[in-house]
Amino acid sequence: MSTKGGKYKGHKFHGDPQRFEVVADFVFDTFGRNIEYIADVAGGRGMLSRILNKKYNYKSTVFDPRGYTLVGVDSRTDEFKPEDASYYDLVIGLHPDEATRPVAESALATNTLVIPCCNFWDQTKKLGRDALIEEISKYYDENGIRYKKVELDFEGPKNIGLVSFHQK
Ligand SMILES: C[S@@+](CC[C@H](N)C(=O)[O-])C[C@H]1O[C@@H](n2cnc3c(N)ncnc32)[C@H](O)[C@@H]1O
């Protein structure tokens, strides 16, 4: 499938449209019924939240200032603040652009999954995919966060993420 875009259940998306189902399945395989409330930060149209809610019965809310979420998906147009992270059992950033840092900082307070797409981490440096993952890993190491690097089964290169685990 082309990385330039594709269709998923009648909707058009940039990148590999399989990512929503793959990420939702990964969340369920990793956290199962131990979590309920999810913040889908920079969730765009909300396809990931829709699958998390319909297929797995989670309560996932999209945070995205663009406000163009699909009908029936719970959404907010405010920017996500790491201070609000502890309310959620999991904070996800799937290709979160400017929200990359708030998602990673949420790891101090709850479980997170960040799958960065571009360098919105440190704009003083040029960071490719692997260097970006390294920088976020360094932040986790410095803050004593338990995490692992994961390769998700959708078309790369933006299919590498970090999942972190928080003891509440
Ligand atoms: C590359 S799109 C990814 C959307 C979706 N997660 C996906 O995979 O299709 C990045 C999204 O980040 C949103 N965004 C940018 N800054 C944000 C912020 N501070 N808080 C929440 N969302 C933000 C944009 O509006 C945009 O919808």
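The letter at position 71 of the sequence shown is residue 71 when you use our numbering, and the numbering goes up by one with no holes.
Don't be surprised by glycine CBs; every beta carbon is placed ideally from N, CA and C.
Practice problem: Please confirm if the stretch 33 to 41 is in contact with the stretch 87 to 94, defined as three or more CB-CB distances below 8 angstroms between the two stretches. | Solution: Enough Cβ pairs lie closer than 8 angstroms, so yes.
Check whether the stretch 67 to 85 and the stretch 127 to 134 are in contact - that is, three or more C-beta pairs closer than 8 angstroms. By the Cβ rule, the stretch 67 to 85 does not count as touching the stretch 127 to 134, because fewer than three pairs are nearer than 8 angstroms.
Exercise. Please say whether Trp121 and Leu113 have beta carbons closer to each other than 9 angstroms?
Key: Here the question's residue 113 lines up with position 113 in the sequence shown. Here the question's residue 121 lines up with position 121 in the sequence shown. No. Outside cutoff.
Review point. Beta carbon of Phe26, beta carbon of Leu152: below 9 angstroms?
Key: Here residue 26 is taken as the residue at index 26 of the sequence shown, counted from 1. Here residue 152 is taken as the residue at index 152 of the sequence shown, counted from 1. Leu152 sits close to Phe26, with the two beta carbons spaced by under 9 angstroms.
Report back the beta-carbon spacing between Asn159 and Phe31 to the nearest angstrom; my notes put them in contact at under 8 angstroms.
-> Counting from one through the sequence shown, the residue named residue 159 turns up at place 159. Counting from one through the sequence shown, the residue named residue 31 turns up at place 31. In fact, because the Cβ distance is near 19 angstroms, the residues do not count as touching under 8 angstroms.
Going along the chain, which residues of its own chain have a beta-carbon closer than 7 angstroms to the beta-carbon of Thr3, five neighbours each way excluded?
Counting from 1 along the sequence shown, the entry for residue 3 is found at position 3. Only weak support is given to the placement of Thr3: the predicted model assigns it a pLDDT of 41, under 50, and the value that follows is read from those uncertain coordinates. These residues qualify, in order along the chain: Gly15, Asp16, Glu155.
**Q.** Whole-angstrom distance between Gly46 and Gln18, CA atom to CA atom
**A.** Residue numbering aside, residue 18 sits at position 18 when the sequence shown is read from its first letter. Residue numbering aside, residue 46 sits at position 46 when the sequence shown is read from its first letter. Distance between the alpha carbons of Gln18 and Gly46: 14 angstroms.
Original post:
Taking the continuous beta strand (DSSP E) assigned at Ser60, which residues delimit it?
Top reply: Position 60 of the sequence shown, counted from the first residue, corresponds to residue 60. 59 to 63 is the extent of the beta strand (DSSP E) around Ser60.
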